[in-house]
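>
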Ligand SMILES: [Zn+2]
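Residue numbers (the working numbering): 13 to 138.
1) Can you list, in chain order, the residues of its chain with a C-beta nearer than 7 Å to that of residue 132? Leave out the 5 residues immediately preceding and following it.
2) Does the Cβ of residue 42 lie closer than 8 Å to at least one heavy atom of ligand 1?
3) According to DSSP, is residue 21 part of a helix, a strand, or is it coil?
4) Would you say residue 58 and residue 75 are within 9 Å of each other, going by their C-beta atoms?
5) Quick one, which of 37, 14, 25 and 47 has its alpha-carbon nearest residue 62's?
6) Check residue 39 in the structure and name its three-state DSSP category.
7) In whole angstroms, give me the CA-to-CA distance for residue 126 and residue 24.
8) From residue 89 to residue 95, what does the alpha carbon distance come to, in whole angstroms?
9) With a threshold of 7 Å on Cβ separation, who are the neighbours of residue 138 within its own chain once the five nearest residues in sequence on each side are excluded?
10) Taking residue 2 as part of the beta strand (DSSP E), name the residues at either end of that continuous run.
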């Protein structure tokens, strides 16, 4: 699960796609994953719990990310199944309302800069 988070941070779309279970890959086309990853800057991941037996695993986590000047946060309980490796099947989401960042506030990505001076969140091409 951490490796999928890292893959989002690194925009490694092939890895994210490959670790979806084959039954849900069609619902998660690479273009959609790529668009999401390109527009999102991940700030924090907190793993809340892991349970697994030999075939199934559940990972609860909380993640924060930014898209332009908005911080999104959600908690998810993800379900994984083991075949030749672990695959993500689906998850139950609890969304938190998005929060807009004030231009003069410290950037939530912990860069130490004010948001307006932090250049980690510009959309490509702007
Ligand atoms: Zn920043």
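We put the beta carbon where it would ideally sit given N, CA and C, even for glycine.
None of these values were measured; they are calculated from a predicted model.
Quick look at the numbers:
1) Locating residue 132 in the chain shown gives position 120, counting from the first residue. For residue 132, where only same-chain residues beyond five positions count, the Cβ hits under 7 Å are 53, 121 and 123.
2) In the chain shown, residue 42 corresponds to position 30, counting from 1. Checking the Cβ of residue 42 against ligand 1 gives no.
3) As a first step, residue 21 is located in the chain shown; it is residue number 9 there, counting from the start. Three-state DSSP puts residue 21 in a helix.
4) Counting from one through the chain shown, the residue named residue 58 turns up at place 46. Counting from one through the chain shown, the residue named residue 75 turns up at place 63. A Cβ-Cβ contact shorter than 9 Å links residue 58 with residue 75.
5) As a working mapping, residue 62 is identified with position 50 in the chain shown. Nearest of 37, 14, 25 and 47 to residue 62, Cα basis: 14.
6) Here the question's residue 39 lines up with position 27 in the chain shown. Helix.
7) Taking the chain shown and counting its residues from 1, the one referred to as residue 126 is at position 114. Taking the chain shown and counting its residues from 1, the one referred to as residue 24 is at position 12. Approximately 28 Å between the Cα atoms of the pair.
8) Here residue 89 corresponds to residue number 77 of the chain shown, with the count starting at 1. Here residue 95 corresponds to residue number 83 of the chain shown, with the count starting at 1. CA-CA distance, residue 89 to residue 95, rounds to 20 Å.
9) Working through the chain shown from its first residue, we reach residue 138 at position 126. In this prediction, residue 138 has a pLDDT of 41, which is less than 50 and means its spatial position is unreliable; what the coordinates show is noted afterwards. Here the set comprises nothing.
10) Only positions 13 to 138 of the chain appear in this structure, which leaves residue 2 out of reach.
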